[in-house]
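Heads up: the sequence shown begins at 13 in the numbering used here, then just goes up one per residue.
Presented below is the structure to which this report refers.
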Amino acid sequence: MSDTQDALVRTRCDACGSQLAYAPGTQHLRCVACGGTVAIEHAPGDAVDEHSFDAWAAAQGGVRAGILDARTLVCDGCGATTQGTDLSLACRFCGGHLVAAAETDGLVQPEAVVPFAVEQAQAREAFRRWVRSRWFAPRELKKVGDTESLHGSYVPHWTFDARTSSAYTGQRGDAYWVTVKNGDEERQERRVSWTPVAGRVARDFDDVLVPASSQVPERDLARLGPWPLAQAVPFRPEYLAGFAAARYDVEPPAGLAQAKERMATVIRDDVEHDIGGDEQRVGSVRTTYADVMFKLVLLPLWIATYVYAGAQWQVMVNANTGQVIGRRPYSVGKIVLAVLAGLLVVAAVVWWYVRSQT
């Protein structure tokens with residue numbers, strides 16, 4: 013077992029021997045029993061480093077993680093691979109059972125972590141407010157917010173930097189107006205004069221964020237953002253104490269491909285701006301990438317998973333902003349009552365109108 017892993021296992025309070033857990037919004041571990049605190053210490057000059065993607069690819073492997081609990085657990089429900097300091101036997105994503113799996117070589121080590129800033133009690137209150145704003149939510153959903161169903165988990169993400177240079181071809185459209193006669197009537201028609209163009213644009217990208225886990229829908233993670241990457245600190249295992257940490261299952265090459273898709277959208281906007289005119293037609297864009305750097309960063313979530321009417325539902329709370337997103341079932345009974353109430357109102361209005369006309 014490495015020293016780093018050993019530090020995770022030995023997060024015990026010197027005063028009472030109970031478990032220490034990271035205290036959200038602080039730089040301390042807090043005893044779950046007596047409330048005593050221990051400062052998280054960073055080494056002098058500790059910084060968030062990034063790796064050359066080309067060098068990593070040439071090495072055909074990368075840096076072995078070796079930074080979490082020695083145990084790797086795989087959920088037999090959703091397949092999530094999880095590592096963490098708590099030895100819970102329930103998956104943080106779906107509530108399924110966790111089973112031991114062999115350690116995997118060649119993992120990239122996290123360089124940064126955005127620590128939890130929202131306590132569990134604050135996350136539950138945000139969850140309750142979210143539930144109250146859902147008119148047709150069933151009672152079972154409200155019960156989720158009244159229990160300890162929210163679990164903290166770090167979700168891995170890649171960030172990519174790159175210097176790009178893009179050669180493009182296209183057409184510039186300049187609008188003009190002509191007078192069109194139709195008998196004695198005249199009207200102005202807008203037309204566009206198109207001119208072939210070619211050029212080059214350049215842009216430096218920094219920290220293009222891509223989810224490194226497929227266990228949480230990407231569209232949900234995007235809705236939870238933007239993430240405060242400026243608050244990221246150099247990774248220390250103490251920040252994981254008391255929380256789970258999902259291992260990435262999106263490899264760096266696949267992450268870079270997604271990052272390039274996001275870069276392409278920005279580059280196309282740059283191309284259209286460079287073409288100018290009133291309208292633009294982009295024919296082709298050829299982009300070269302230089303100095304591609306990447307790192308693995310862990311982002312914090314409070315996650316609640318519950319079952320209703322035989323289906324599984326998931327709600328997430330951004331552990332920095334308290335923003336809540338998720339899917340929830342609809343109470344058929346409440347909808348029926350609402351429809352009946354609406355029909356009664358319509359019937360009452362019609363009855364009143366008929367009576368007023370007699």
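Virtual Cβ for every residue (Gly too), placed ideally from N, Cα, C.
Touch test, the stretch 177 to 189 against the stretch 282 to 290, Cβ-Cβ under 8 Å, three pairs minimum: Taking a cut-off of 8 Å for Cβ pairs, the stretch 177 to 189 and the stretch 282 to 290 touch, as three or more such pairs fall below it.
By how many angstroms is the C-alpha of E53 removed from the C-alpha of P240? Whole-angstrom Cα-Cα distance: 22 Å.
Straight-line CA distance for W142 to S368? Going by C-alpha positions, W142 is about 43 Å away from S368.
Rounded to a whole number of angstroms, what is the C-alpha to C-alpha distance between N194 and Q200? Between N194 and Q200, the alpha-carbon positions lie close to 11 Å from each other.
Please state the DSSP three-state secondary structure of E230. DSSP, read as helix, strand or coil, puts E230 in helix.
Using CA coordinates, which residue listed in D219, A214 and Y318 is at the minimum distance from Y301? Looking from the CA of Y301, the closest CA among D219, A214 and Y318 belongs to A214.
Taking just the CA atoms, how far does D173 sit from V126? Whole-angstrom Cα-Cα distance: 18 Å.
Could you check which residue in Y251, L119 and L162 has the C-alpha nearest to that of Q326? Looking at the Cα atoms, L162 is the closest of the given residues.
Enclosing beta strand (DSSP E) for T277 [first to last residue]: T277 -> not in any beta strand (DSSP E); alpha helix (DSSP H) instead, spanning P264 to I287.
For P265, count the other beta carbons within 10 Å of its own beta carbon; 16 or more makes it buried, fewer makes it exposed. Which is it? Exposed is the call here.
Give a single yes or no on whether Q292 has its beta carbon closer than 7 Å to a heavy atom of the ligand HEM. Annotation note on the ligand HEM: not contained in the displayed structure, which lists no ligands.
Ignore the nearest five residues each way along the sequence and tell me which others in S30's own chain have a CB closer than 8 Å to its CB. Excluding sequence neighbours, S30 sits near R24, C43, V44, A45 and C46.
Taking only the alpha-carbon atoms, compute the straight-line gap between R231 and P223 and give it to the nearest angstrom. One C-alpha to the other measures close to 10 Å.
Would G254 be called buried (16 or more neighbouring beta carbons within 10 Å of its own) or exposed? That one is buried.
Three-state class that DSSP yields for R137 in the structure shown: Rather than Arg, the amino acid found at residue 137 in this sequence is Glu. DSSP places E137 in helix when its eight states are reduced to three.
Pull up the CB-CB distance for K307 and T171, whole angstroms please, since I reckon it's below 8 Å. The C-beta separation of K307 from T171 comes to about 6 Å, placing the pair in contact by the 8 Å criterion.
Local conformation of P223 per DSSP, three classes: P223: strand per DSSP, three-state reduction.
Kindly indicate which three-state DSSP category S177 falls into: helix, strand or coil? Strand, per DSSP.
Alpha-carbon to alpha-carbon, L41 and E273: If I take the Cα positions, the gap works out to 39 Å.
Under three-state DSSP, which class holds A360? If DSSP states are grouped into helix, strand and coil, A360 belongs with the helices.
Residue range of the beta strand (DSSP E) that A257 falls in? Boundaries of the beta strand (DSSP E) around A257: A256 to A258.
Using 8 Å as the threshold, is the C-beta distance between A271 and S225 below it? No, the Cβ-Cβ distance between A271 and S225 is not below 8 Å.
Report back the beta-carbon spacing between Y260 and F128 to the nearest angstrom; my notes put them in contact at under 8 Å. Rounded, the Cβ-Cβ distance is 19 Å, inconsistent with contact.
Taking the C-alpha atoms as reference points, what is the distance between Q243 and A269? Straight-line Cα distance between these residues: approximately 26 Å.
From D282, L313 and V192, residue whose alpha carbon lies closest to that of L252: L252 has its Cα closest to that of L313, out of D282, L313 and V192.
Residues that Y301 bridges to, as DSSP identifies them: According to DSSP, which records beta bridges pairwise, Y301 is partnered with T176.
How about P246 and V130: are their beta carbons less than 8 Å apart? At a Cβ-Cβ threshold of 8 Å, P246 and V130 do not count as neighbours.
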